[in-house]
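J.: Please find one structure pasted underneath; my questions will follow.
Number of protein chains: 2
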Amino acid sequence: MPETGFQLDPRLEEIGHPLAEWPLSRVFLFDDARFPWLMLVPRRADIVEILDLAPADRQQLFDETMKAAEALRAVARPDKLNIGALGNMVRQLHVHIVGRFQSDPAWPGPVWGHGERMPYPAHMVGPLMDRLRQAFGA
Amino acid sequence: MPETGFQLDPRLEEIGHPLAEWPLSRVFLFDDARFPWLMLVPRRADIVEILDLAPADRQQLFDETMKAAEALRAVARPDKLNIGALGNMVRQLHVHIVGRFQSDPAWPGPVWGHGERMPYPAHMVGPLMDRLRQAFGA
Chain B
-9 MPETGFQLDP RLEEIGHPLA EWPLSRVFLF DDARFPWLML VPRRADIVEI LDLAPADRQQ
51 LFDETMKAAE ALRAVARPDK LNIGALGNMV RQLHVHIVGR FQSDPAWPGP VWGHGERMPY
111 PAHMVGPLMD RLRQAFGA
Chain D
-9 MPETGFQLDP RLEEIGHPLA EWPLSRVFLF DDARFPWLML VPRRADIVEI LDLAPADRQQ
51 LFDETMKAAE ALRAVARPDK LNIGALGNMV RQLHVHIVGR FQSDPAWPGP VWGHGERMPY
111 PAHMVGPLMD RLRQAFGA
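Written out as structure tokens, the structure is:
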């Protein structure tokens, strides 16, 4: 499938630190220090629902979601993973993988729409991204 | 994989109208008339995360999630699908497939934890379940 025409929505670009380019997806660390949070954006133009991906892309997105979840779990050791594809705010297809703690500010509710995003201080984001990239390679 | 020991969490049983038994999952209509909402519960004991399913079960759960999403979209024609595995309240693995409308009471926020569940009136739930079962068979 062509990547022709793929353009990252600027609202996703603004809140994502680019971590990796996987065969289908661009992988981001979501810039909210309250929660360990990855986001996958398939490099396909004009796709809103997972259902609208070609079958091979659906499969690849699922595999990449599992890979991201494994890495996030290994690095953050959360009490629970939350995985979701919503897209009510930004329609461009993106998948969230969030590590949740009983001590986090949104627990046990969902993270989406909860309070104010808290961008990472500059000294925190580099080391966290390094560890995540290591976990992706493992 | 054995189904030995699988027991549906009573909190899921209370809010789900049983729709179908698929190879892996029990399929429910979530009893909240505010949103068209399906829920899949894999018949596996003691599983909390998708990651903890055996690889073949992971794949089957994904395929069944897509099948549920197709049917829900065909029947409800929502503006957006929301698909999520959270489990912060009930740890037994379950996947939500929710049809969202810009006119629904939680839009554009997530449905989870939003306001009070509104059980279906008895005269509504039967016809909706019939249509969903037809869509599953299609």
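From first to last, the protein sequence lines stand for chains B and D. Mapping the first sequence onto this note's numbering, position 105 (from 1) lands on 95, and the numbers just tick up by one. Mapping the second sequence onto this note's numbering, position 75 (from 1) lands on 65, and the numbers just tick up by one. The beta-carbon is built from N, C-alpha and C at its ideal position, and this holds for glycine as well. Nothing here was measured: the structure is a model prediction, and the numbers come from that model.
Among B:Ala44, B:Asp47, B:Pro13, B:Lys57, which has the Cα closest to the Cα of Leu28 of chain B?
T.: Locating residue 28 of chain B in the first sequence gives position 38, counting from the first residue. Of B:Ala44, B:Asp47, B:Pro13, B:Lys57, the residue nearest in Cα terms is B:Lys57.
J.: Run through chain D and tell me which residues come within less than 7 Å of Leu83 of chain B, C-beta to C-beta.
T.: Translated into the one-based positions of the first sequence, residue 83 of chain B becomes position 93. Result: empty, since nearest Cβ-Cβ is about 11 Å, beyond 7 Å.
J.: In whole angstroms, what is the alpha-carbon distance linking Leu62 of chain D and Ala75 of chain B?
T.: As a first step, residue 62 of chain D is located in the second sequence; it is residue number 72 there, counting from the start. As a first step, residue 75 of chain B is located in the first sequence; it is residue number 85 there, counting from the start. When rounded, the distance between both Cα atoms is 15 Å.
J.: Between the stretch 79 to 86 of chain B and the stretch 7 to 23 of chain D, do three or more beta carbon pairs fall short of 8 Å?
T.: Result no; under three Cβ-Cβ pairs closer than 8 Å.
J.: Counting beta carbon pairs with one atom in the stretch 117 to 126 of chain D and one in the stretch 45 to 52 of chain D, are three or more of them shorter than 8 Å?
T.: No: the two stretches stay apart, fewer than three of their Cβ pairs being nearer than 8 Å.
J.: Go ahead and pull the three-state DSSP assignment for Pro117 of chain B.
T.: For this step, residue 117 of chain B is matched to residue 127 along the first sequence. Helix at Pro117 of chain B.
J.: Between the stretch 97 to 104 of chain B and the stretch 99 to 108 of chain D, do three or more beta carbon pairs fall short of 8 Å?
T.: The answer is yes - the stretch 99 to 108 of chain D touches the stretch 97 to 104 of chain B, with three or more Cβ pairs under 8 Å.
J.: So Ile37 of chain D is in the beta strand (DSSP E); what residue range does that whole segment cover?
T.: Position 47 of the second sequence, counted from the first residue, corresponds to residue 37 of chain D. Counting along the chain, Ile37 of chain D falls outside any beta strand (DSSP E), and DSSP gives it neither H nor E.
J.: Using a Cβ-Cβ distance cut-off of 8 Å, determine whether Pro95 of chain D contacts chain B.
T.: For this step, residue 95 of chain D is matched to residue 105 along the second sequence. So no, Pro95 of chain D is outside the interface.
J.: Please list the partners that Trp102 of chain B has in chain D, where partner means a Cβ-to-Cβ separation under 8 Å.
T.: Counting from one through the first sequence, the residue named residue 102 of chain B turns up at place 112. Under the 8 Å cutoff, chain D gives Gly99, Pro100.
J.: Please list, in chain order, the chain D residues whose beta carbon lies closer than 7 Å to that of Glu39 of chain B.
T.: Looking up residue 39 of chain B in the first sequence gives position 49. Near Glu39 of chain B (Cβ distances below 7 Å), the residues of chain D are Leu71.
J.: Specify, as a first and last residue, the run of the alpha helix (DSSP H) that Phe52 of chain B falls within.
T.: Sequence index remark: in the first sequence, residue 52 of chain B carries index 62 (1-based). Residues 45 to 66.
J.: Beta-carbon separation of Pro68 of chain B and Phe91 of chain B under 8 Å?
T.: Locating residue 68 of chain B in the first sequence gives position 78, counting from the first residue. Locating residue 91 of chain B in the first sequence gives position 101, counting from the first residue. Yes, the Cβ-Cβ distance between Pro68 of chain B and Phe91 of chain B is below 8 Å.
J.: Taking the continuous alpha helix (DSSP H) assigned at Asp0 of chain B, which residues delimit it?
T.: The sequence position of residue 0 of chain B within the first sequence is 10, counting from 1. Sequence check: residue 0 of chain B is Pro here, not Asp. Here the alpha helix (DSSP H) through Pro0 of chain B covers 0 to 5.
J.: Using a Cβ-Cβ cut-off of 6 Å (strictly less than) and excluding sequence neighbours within five positions of Asp(-1) of chain B, which residues of its own chain qualify?
T.: Residue numbering aside, residue -1 of chain B sits at position 9 when the first sequence is read from its first letter. If we look at Asp(-1) of chain B and ignore the five residues flanking it on each side, its Cβ neighbours are Val80, Gln82.
J.: Rounded C-beta distance between Asp94 of chain D and Phe25 of chain D? I'm assuming under 8 Å.
T.: Residue 94 of chain D sits at position 104 when you count from the first residue of the second sequence. Residue 25 of chain D sits at position 35 when you count from the first residue of the second sequence. Yes, Asp94 of chain D and Phe25 of chain D are in contact; Cβ-Cβ is about 6 Å, under 8 Å.
J.: Is any beta-carbon of chain A found at less than 8 Å from that of Leu76 of chain D?
T.: Structure shown: chain A not included; protein chains present are B and D.
J.: Along the chain, where does the beta strand (DSSP E) containing His84 of chain D start, and where does it finish?
T.: Residue numbering aside, residue 84 of chain D sits at position 94 when the second sequence is read from its first letter. It is not in any beta strand (DSSP E) - His84 of chain D carries neither H nor E in the DSSP assignment.
J.: Give the DSSP bridge partners of Leu19 of chain B, in chain order.
T.: Along the first sequence, one-based indexing puts residue 19 of chain B at 29. Paired residue(s): B:His7, B:Leu28.
J.: Would you verify that the beta carbon of Arg121 of chain B is, or is not, closer than 8 Å to some beta carbon of chain D?
T.: As a first step, residue 121 of chain B is located in the first sequence; it is residue number 131 there, counting from the start. Arg121 of chain B does not count as touching chain D.
J.: Run down chain D in chain order and give the residues with a C-beta less than 8 Å from the C-beta of Met108 of chain B.
T.: Here residue 108 of chain B refers to the residue found at position 118 of the first sequence. In chain order: nothing, as chain D lies at least about 19 Å away.
J.: List the DSSP bridge partners of Ala75 of chain B.
T.: The sequence position of residue 75 of chain B within the first sequence is 85, counting from 1. In DSSP, Ala75 of chain B forms a bridge with D:Ile73.
J.: Please confirm if Arg48 of chain D has its CB atom under 8 Å from at least one CB of chain B.
T.: Sequence index remark: in the second sequence, residue 48 of chain D carries index 58 (1-based). For Arg48 of chain D, the answer is yes, since a Cβ of chain B falls inside 8 Å of its Cβ.
J.: Kindly indicate which residue of D:Arg123, D:Glu106, D:Ile5 has the alpha-carbon position closest to the one of Val31 of chain D.
T.: What you label residue 31 of chain D is simply residue 41 of the second sequence in a count that begins at 1. That would be D:Ile5, whose Cα lies nearest to the Cα of Val31 of chain D.
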